[in-house]
Amino acid sequence: MENLNTYLSRARAGVGTADAGAIVMGNEAADLDSMVSAILFGQLASACGAPGAPLVVPVINCPRGDFALRTEAVYLFAALDVDVDALLFIDEINLEPLYRSGRLSLTLVDHNTLSAAQAKYTDAVDGVIDHHADGGVYPQAEPRTIEPVGSAATLVAEAVLRDRPALIDAVSATLLLGTILLDTVNLDPAAGRVTAKDGDIAARLGRVADWDADDLFARLQSEKFNLSALGTGDLLRKDYKSWETPSGRYGMSTVLISIGEWIAKDPGLVSGLESFLRSRGLACLMAMMAYTDSNGGFRRELVVYAPDPALGADLMTTLEASDLELERIRPAGLTDPDRIMMFTQGNASVSRKKLQPLLQRFFSQDPG
Numbered sequence: 001m002e003n004l005n006t007y008l009s010r011a012r013a014g015v016g017t018a019d020a021g022a023i024v025m026g027n028e029a030a031d032l033d034s035m036v037s038a039i040l041f042g043q044l045a046s047a048c049g050a051p052g053a054p055l056v057v058p059v060i061n062c063p064r065g066d067f068a069l070r071t072e073a074v075y076l077f078a079a080l081d082v083d084v085d086a087l088l089f090i091d092e093i094n095l096e097p098l099y100r101s102g103r104l105s106l107t108l109v110d111h112n113t114l115s116a117a118q119a120k121y122t123d124a125v126d127g128v129i130d131h132h133a134d135g136g137v138y139p140q141a142e143p144r145t146i147e148p149v150g151s152a153a154t155l156v157a158e159a160v161l162r163d164r165p166a167l168i169d170a171v172s173a174t175l176l177l178g179t180i181l182l183d184t185v186n187l188d189p190a191a192g193r194v195t196a197k198d199g200d201i202a203a204r205l206g207r208v209a210d211w212d213a214d215d216l217f218a219r220l221q222s223e224k225f226n227l228s229a230l231g232t233g234d235l236l237r238k239d240y241k242s243w244e245t246p247s248g249r250y251g252m253s254t255v256l257i258s259i260g261e262w263i264a265k266d267p268g269l270v271s272g273l274e275s276f277l278r279s280r281g282l283a284c285l286m287a288m289m290a291y292t293d294s295n296g297g298f299r300r301e302l303v304v305y306a307p308d309p310a311l312g313a314d315l316m317t318t319l320e321a322s323d324l325e326l327e328r329i330r331p332a333g334l335t336d337p338d339r340i341m342m343f344t345q346g347n348a349s350v351s352r353k354k355l356q357p358l359l360q361r362f363f364s365q366d367p368g
């Protein structure tokens, strides 16, 4: 059996061939489960194919530029010497000509319903391996394996162990095991995610993986929240949502560090916010900080950037009258502090999800 990097290189190189078009693809969140499941199921499907048949190609369902935001995947792939350059990301392949020519064959992993943006490829779905609630679509898919286990990687590993156990070497076992542990919070029943199958498959992988399971989980959990390598633009788009209103579009990011830490990383934070805002055509950009302080207490802070002074003043009045319990702060070390509003949030129970209806009402007011 060829090793994983050899398979990935060959699969990527074969995308342009005339009879290629078999794709394995995770969901658009492109978390570790989606990536690893696509890679390992693609290798399995290729190994089970007829001699000389084109390889099944795993596609990571996010732009390559967003890979750095999946810090746990960045860490694990680097630790196992997985060749990220050989991976194929969604912005590096055009599915449209494959679909129009009738060559596109999609196997979905870690989701069982295509997103709205990709729904036009519905009749090209020929396989599903997933652990979410069954959406009841693609009855023609074969395989169509949808089980409520803790991780799609559990189902992929089960298939590999059953059909081509020789593919399970130290690298693939560690990729699959780490994914299952992260998705099930280290197989902890209290988290409400783990099933007996997850535990059984993890135990079988653990006998091959060259890594202690508890240590592997601890490292991945830590790296998931390691933002040290991310710049302002990365921090903003890592967990970003936007909404359209009559007054224009506004956006809000959740950022998992304090304002003080952010400024220490980037004293020119305002310029980064302005660049992000303009690139997305926003009238206003906000960031809600959510982090644990040195005493173990959960804290929230709020950053508001609105280039229009009148809009900013009206928004500040609305926010200060809400139940956020805001207190204006002016941290030291920030370039252009007068162009931005920053607050501590006394009521830490108000999340982005809870705040958004208030913002929607504010921005939906008649701009005239």
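With the numbering used here as the guide, the letters of the sequence shown map in order to residues 1 to 368. A virtual CB, placed ideally from N, CA and C, is assigned to each residue, including glycine.
Same chain only: Cβ atoms within 6 Å of residue i, ignoring 5 sequence neighbours per side
i	result
Val-171	Leu-4 and Leu-80
Ala-173	Leu-205, Val-208 and Ala-209
Phe-217	Leu-181 and Asn-186
Residues of its chain near residue i, where Cβ-Cβ distance is below 8 Å and the 5 sequence neighbours each way are ignored
i	result
Arg-249	Ser-242, Trp-243, Arg-280, Gly-281, Leu-282 and Ala-283
Val-156	Val-36, Ser-37, Leu-40, Phe-41, Leu-44, Val-109, Ile-129 and Leu-176
Leu-69	Leu-230, Asp-234, Arg-237 and Lys-238
Gln-360	Trp-243 and Thr-245
Contacting residues, own chain, Cβ-Cβ under 7 Å from residue i (five flanking each side not counted)
i	result
Gly-21	Leu-98, Arg-103, Leu-104 and Ser-105
Phe-225	Leu-256
His-132	His-111 and Asn-112
Gly-178	Leu-76, Leu-216 and Leu-220
Unbroken alpha helix (DSSP H) run spanning residue i, endpoints
i	result
Val-137	Segment: none, Val-137 is in no alpha helix (DSSP H) and carries neither H nor E.
Trp-262	259 to 265
Gln-118	Gln-118 -> no alpha helix (DSSP H), and no H or E assigned at all.
Leu-359	352 to 363
Leu-175	170 to 183
Arg-299	Here Arg-299 belongs to no alpha helix (DSSP H); instead the beta strand (DSSP E) covers 298 to 305.
Residue i, buried or exposed, once every other Cβ within 10 Å from all chains shown has been counted against 16
i	result
Gln-43	buried
Ile-90	buried
Asp-31	buried
Gln-140	exposed
Gln-118	buried
Ala-264	exposed
Asp-376	Given a span of 1 to 368 for the chain in the structure shown, any question on residue 376 remains unanswerable.
Gln-365	exposed
N- and C-terminal bounds of the beta strand (DSSP E) containing residue i
i	result
Asp-126	125 to 130
Glu-327	326 to 329
Residue i versus the options, residue with shortest Cα-Cα distance
i	options	result
Arg-219	Met-25, Arg-10, Thr-71 and Pro-307	Thr-71
Phe-362	Ser-322, Tyr-291 and Pro-267	Ser-322
Gly-26	Ile-60, Ser-46, Asp-83 and Gly-52	Ile-60
Val-84	Phe-67, Asn-94, Lys-354 and Thr-122	Phe-67
Ile-329	Glu-301, Pro-307 and Leu-355	Glu-301
Arg-64	Leu-55, Ala-29, Cys-48 and Ala-53	Ala-29
Leu-319	Trp-262, Arg-352 and Pro-143	Arg-352
Gly-14	Leu-88, Gly-199 and Ala-116	Leu-88
Pro-307	Asp-188, Ala-153, Leu-273 and Ala-348	Leu-273
**Q.** Runs of beta strand (DSSP E) lying entirely within the segment 51 to 111, each at least 3 residues, in chain order
**A.** 57 to 60 and 105 to 109
Q: Within the segment 207 to 270, note down every full beta strand (DSSP E) run reaching 3 residues or more, in order along the chain.
A: 240 to 245 and 248 to 255
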